[in-house]
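K.L.:
Numbering (our numbering), first residue to last: -19 to 310.
Printed below as a string of C-alpha cells:
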C-alpha cells in the first residue's frame, strides 16, 4: 500500500511539474508571439465579405506586430475545408481562421464534418455583426418582400435562390424564409457567395441573400434589386432599406457575424495575445469605416464570450432545423 501511494504521489508530482513547465512555455511563447508570419485562413472565395473582413483585420494586425499576417483562401464545402485545416494545424497560434455564422449552421446541420466546431476549435474574438441583403434579379416582378412572397406562392419552385454552399447561413436564410413565409423556392449552392451573385446577374438564379459588400456595386447600377435586409432592425448603413421582418415576415432575423477562431489546443496566453491585437484593430477609426462599408458593425469580444456564442448559435440552428424539418443533402 505504501509503495503504491509513493508511486501515485510521484506520478502526481511529475504531472504537476509537466503542467507547470507547459504553462511556463506558453507564457514565454506568448511574449515572443509572433516571431514569424501568421496565416489567417479565409474559408470562402476571394472577393466575398469574409475575405474583405479578413484582409482588413490582417493588415492591421500585421502593422501592430511588425509581422506579415497572410490571408490564405482555402475554399470549399461551405467553408468546412478551411476550418478543418485550422483545427488540424500546429496549435502554436500561427494558423487562425476568420469564419462567418455559416460555420455555426454547417456544424448544426452537417453530421459529416471532420471536426467539431464546439470542441476542436475555440473562439478568439467575434469581429463583427452584420446582415444579409435580400436581392433579386430585375426580371422578378417584386419590389418588396410581400410581393416576393405572393409571386413565390403563385409560382412554387419557379424561383431559384443562391447560397455559398449547402448547409451554410445563406442556405439556411433561404430555408428560414420558405419556412416562415410558407413559400417554396429552389436552393442552388455555389462555391462562394461571389459565384452566386454572378449567377443572379445572369438570371441562372433569381433570389439571393448576400453581404452588402458584394451586392452594393450591382445595386447601384440596377443590375440587382435589393428589397430588404435580414437584420432585426434597420441599419444606419442603408436606412432606407426595410427589414424582412417589417416587410412581411414578422420575427425573421439572420445575423451573419464574422469572428476569428483557432485550434482548441492553442495555449491561453497566445489566444489572449491575438485577442488583444484584434480588439485594437476593431477600434481603429479607419478599420471601423471600412467594415461599415460592408454593413458590418465591429464587435470585439473576449475569447470566452465568443466561444460561448459559437456554442449557442450551433444549438439554436440545430433546434431550428429540427423544428422546421429541413432536409439537407450534403
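No residue lacks a Cβ here, since even glycine has one placed at the ideal position from N, Cα and C.
For residue 10 versus residue 250, is the C-beta distance shorter than 8 Å?
P.N.:
Yes, the Cβ-Cβ distance between residue 10 and residue 250 is below 8 Å.
K.L.:
Can you tell me the Cα-Cα spacing of residue 143 and residue 76, whole angstroms?
P.N.:
C-alpha separation (whole angstroms): 25 Å.
K.L.:
Quick one: measure Cβ to Cβ for residue 106 and residue 289, integer angstroms, because I've assumed they're closer than 8 Å.
P.N.:
The pair is a contact, with the Cβ atoms about 6 Å apart (cut-off 8 Å).
K.L.:
Mark residue 182 as exposed unless 16 or more other C-beta atoms lie within 10 angstroms of its C-beta, in which case mark it buried.
P.N.:
With fewer than 16 other Cβ atoms within 10 Å, it is exposed.
K.L.:
State the DSSP-derived secondary structure class of residue 157, mapped to helix, strand or coil.
P.N.:
Three-state result, residue 157: helix.
K.L.:
Near residue 285, what residues of its chain come up, given a Cβ to Cβ distance below 8 Å and the 5 sequence neighbours on each side ignored?
P.N.:
Once the five neighbours on either side are set aside, the close Cβ partners of residue 285 are 103, 106.
K.L.:
Determine, using beta carbons only, whether residue 53 and residue 25 come nearer to each other than 8 Å.
P.N.:
Cβ atoms of residue 53 and residue 25: closer than 8 Å.
K.L.:
Let me check understanding here. Comparing Cα to Cα, which of 41, 7, 205, 36 lies closest to residue 18?
P.N.:
The shortest Cα separation from residue 18 among 41, 7, 205, 36 belongs to 41.
K.L.:
May I have the straight-line CA-CA distance separating residue 283 from residue 7, to the nearest angstrom?
P.N.:
So the alpha carbons of these two residues sit roughly 17 Å apart.
K.L.:
Just how far apart, CA to CA, sit residue 316 and residue 123?
P.N.:
Only positions -19 to 310 of the chain appear in the structure, and residue 316 is not among them; the question remains open.
K.L.:
Can you give, in chain order, each stretch of the alpha helix (DSSP H) that sits fully within the segment 91 to 179 and has at least 4 residues?
P.N.:
Here the runs fully enclosed are 125 to 134, 149 to 161.
K.L.:
In the DSSP assignment, what residue or residues form a beta bridge with residue 20?
P.N.:
Bridge partners of residue 20: 51, 76.
K.L.:
Tell me the start and end of each unbroken beta strand (DSSP E) in the segment 241 to 295 that is at least 3 residues and wholly inside, in chain order.
P.N.:
The segment 241 to 295 contains no whole beta strand (DSSP E) run of 3 or more residues.
K.L.:
Please decide whether residue 268 counts as near chain C, where near means a Cβ-Cβ distance under 8 Å.
P.N.:
Of the chains in the structure shown, none is chain C; there is only one protein chain.
K.L.:
Roughly how many angstroms separate the alpha carbons of residue 198 and residue 155, rounded to a whole number?
P.N.:
Each residue's Cα considered, the two are about 24 Å apart.
K.L.:
Rounded to whole angstroms, what is the Cα-Cα separation between residue 230 and residue 184?
P.N.:
Their backbone Cα atoms lie some 29 Å apart in a straight line.
K.L.:
Taking 8 Å as the limit between beta carbons, can you name the residues of its chain near residue 260, skipping five residues before and five after?
P.N.:
The answer, listed in chain order, is 40, 44.
K.L.:
On a Cα-Cα basis, can you pick out the residue from 223, 296, 306, 58 that is closest to residue 110?
P.N.:
Measuring from the Cα of residue 110, the nearest candidate turns out to be 223.
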